[in-house]
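The numbering of the sequence shown is the numbering used here, which starts it at 597 and goes up by one.
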Amino acid sequence: MPELSNTLIDPWQNSLTVAVETNRLALDAAQKLGVLQMRMLRSCMDLGFARLSAAAEIKDADGLLAFQAGQLEAAMSLSERLVDNSMALADLGEGIMAECGRLTEDVIGPSSQPLSLRPAHRRNQ
Numbered sequence: 597m598p599e600l601s602n603t604l605i606d607p608w609q610n611s612l613t614v615a616v617e618t619n620r621l622a623l624d625a626a627q628k629l630g631v632l633q634m635r636m637l638r639s640c641m642d643l644g645f646a647r648l649s650a651a652a653e654i655k656d657a658d659g660l661l662a663f664q665a666g667q668l669e670a671a672m673s674l675s676e677r678l679v680d681n682s683m684a685l686a687d688l689g690e691g692i693m694a695e696c697g698r699l700t701e702d703v704i705g706p707s708s709q710p711l712s713l714r715p716a717h718r719r720n721q
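This is the structure:
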């Protein structure tokens, strides 16, 4: 009789273990995503307030020209940050996909095709 119980319980135990690991993965991913978003929000807020402060200091035409040059620099800086954050987000997504793939393999076996969020030409960058 104990053998029958183990035969019935073992698959459920494995599924429960995978479900717990999946929940931990989801929580970890949500925390990392939240941190990434909060950093970007803080960065955008700091940039916005810095530009507002610079605008408040405009007193003449030369000040306006300097402000406009600063706006271009700020836009370039922001676009670089967006690219960096996009790459960090893609890396986070790939990590999640790899971990989900591992968990799936634990349940149903290995897959013949790896999962990726990046286009094939960008995977090695």
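Built from N, CA and C at the ideal position, the CB exists for glycine as well.
Taking the C-beta atoms as reference points, R647 is found no nearer than 7 Å to A665.
For I692, the enclosing alpha helix (DSSP H) begins and ends at A657 to I704. Taking G659 as the centre and dropping the five residues before and after it, the same chain places the C-beta of E653 closer than 8 Å to its C-beta, in chain order. L678 is the residue among L612, N619, G697 and L678 whose C-alpha sits nearest the C-alpha of C640. For E653, the three-state secondary structure derived from DSSP is coil.
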